[in-house]
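A.B. asks: With our numbering, you'll find the sequence shown wraps up at 379, consecutive numbering, no jumps.
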Amino acid sequence: MSVPSETQVPETAAPDLQVTFTNVGATKWWNRGLFASQTAYVTLALLALIVVMSFASPYFLTEGNLQNVAKNFSFIAIATLGITFVIITGGIDLSVGSLMAFAAMITSMVMTTLSTPGMPLASLFVHLAADGKTVVANVPGLILIVSVLAGLAVSLLVGLINGACIALLGLSPFVTTLGMLSIVRGLGYVVSNGKGSFPGGPDAVYFYALTQGDVAGVPAPFIYLIILALVMALVLHHTAFGRHVFALGGNEKAAELTGVSVPRVKIEVYVIGALAAGLQGIIISGWLGSAPANMATSYELNVIAAAVIGGANLAGGIGGPLGAIVGCVLLEVIRNGLVLAQVNSYWQQTLVGVIIIAAVLVDRLRARLL
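#1: Quick check on the DSSP output: what are the complete alpha helix (DSSP H) runs of length 4 or more inside the region 216 to 295, in order along the chain?
#2: Which same chain residues end up closer than 7 Å to L177 when comparing Cβ atoms and leaving out the 5 residues on each side of it in sequence?
#3: According to DSSP, simplified to helix, strand and coil, what is A316?
#4: Out of G99, Q357, N353, V157, which one is the CA nearest neighbour of V119?
#5: Touching or not, the region 84 to 100 and the region 257 to 265, by the rule of three or more beta carbon pairs under 8 Å?
#6: Between the beta-carbon of T121 and the beta-carbon of P208, is there less than 8 Å?
#7: Which term fits V167, buried or exposed, when burial requires 16 or more other beta carbons within 10 angstroms of its beta carbon?
#8: Helix, strand or coil for S104 per DSSP?
#9: At the level of alpha carbons, what is the spacing between V317 and V199?
#10: Whole angstroms is fine: what's the gap from T359's alpha carbon to L340's?
#11: Do the CB positions of I192 and P182 come within less than 8 Å of each other?
#12: Write down every uninterrupted run of the alpha helix (DSSP H) in the region 142 to 179 whose length is 4 residues or greater and which is fully enclosed by it, in chain order.
#13: In this structure, how does DSSP classify S117 when only helix, strand and coil are distinguished?
#14: Which residue's Cα is closest to the Cα of G179: K275, N345, A218?
#15: Apart from the five residues on each side of it in sequence, which residues of its chain come closer than 7 Å, Cβ to Cβ, to I236?
#16: Mapping the DSSP letters down to three states, classify S191 as helix, strand or coil.
#17: Kindly indicate which three-state DSSP category S206 falls into: helix, strand or coil?
#18: Provide the residue span of the alpha helix (DSSP H) that contains F69, from first to last.
#19: Looking only at its own chain, which residues have a Cβ that is under 6 Å from the Cβ of G141, when we skip the five neighbours before and after it?
#20: Tell me the rounded alpha-carbon separation between V224 and S294.
#21: Looking at the structure shown, is A350 part of a helix, part of a strand, or coil, going by DSSP?
#22: Would you identify the three-state DSSP class for A88, choosing helix, strand or coil?
#23: Pick from G346, L374, V335, Y215: whose alpha carbon is nearest that of I85?
#24: Can you give me the C-alpha to C-alpha distance between G290 and A213, rounded to a whole angstrom?
#25: If L234 and I87 are in contact, beta carbons under 8 Å, what's the gap, nearest whole angstrom?
#26: Where does A49 fall in DSSP's three states?
#27: Taking the straight line between their C-alpha atoms, what separation do you get for L239 and L245?
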């Protein structure tokens, strides 16, 4: 008579076998779905703050105030989208504030120069008619396009230098971009001699329309923000480049072993961050009507704070456009609420610091409860 081995199970016993997995369904509701991200908790905090402000001030939910909120938070949100790319890879960029000012100054200076007869290269764009009036060479808006491209070109150059130093030379992102912060700010003072520059010439009216105008009551900067946020979401979640960005932030060594070109991705994200900062600066200069040499001082702190509050992890691997926008809105609602409540505006910086620590603390507590 044969003896069945220990690994054999009688067929008659099969129906009676039941396997129970005790870990199925063990994940708590606050760690599932939408609530698995810090962005959800910040959004809830934002909604609660809006409700409180609506009761605290009758002017908060008025159309004019909501337009101001939409416009004002858009003035840092575009740069926040750009730096979110950098933060997802585990990097940081402290030069965005200086780059905003420098790109805006270059744009306005080029616009004025090309609109002034007798200045270098101006003859390619303008000439004097018989009656002495300045005439743009056949293409309305050409000077504006060239000027904006000039501002974005210097932004691209700064992004390339940052990315190359970090990706190819192995320098620290913090030290590299901190140095670039001083370099770019200094260059801004050099080219302007410490003075502000003003967009001038026949295309200035187009420039102000594109930066100060609105469409059906919606501020133009807010429209640009929504378009760029949708593009960012598409790139991050539906392209190979987006997957590489997250892979790099999750584990750089593993990403390299899987064939990701780590140096190329690093350079590209710093270029994207720089271009976003440059575009943000150009838009702000249109809102201000000038590009002063000290424009956007310390804006890098607000941009990074908004990204972190919205859920971007400074360790890398986490972040997105929704969180960036939510973080910017939260900061602006706080600022706007303090103004309406006639509270000293200096308290804003204190509250921002408290919110950053609270956001990180909530995320850490949620992670421990997994």
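From the three backbone atoms N, C-alpha and C, an ideal C-beta is built for every residue, glycine too. None of these values were measured; they are calculated from a predicted model.
C.D. replies: Quick answer:
#1: 229 to 247, 249 to 259, 261 to 266
#2: P272
#3: helix
#4: V157
#5: yes
#6: yes
#7: buried
#8: coil
#9: 33 Å
#10: 11 Å
#11: no
#12: 151 to 176
#13: helix
#14: K275
#15: none
#16: helix
#17: strand
#18: Premise fails: F69 is in no alpha helix (DSSP H) and is neither H nor E.
#19: Note on G141: pLDDT 45, under 50, position unreliable in the model; the coordinate value appears next. Taken in chain order, the list of residues that qualify is empty.
#20: 19 Å
#21: coil
#22: helix
#23: V335
#24: 16 Å
#25: 6 Å
#26: helix
#27: 10 Å
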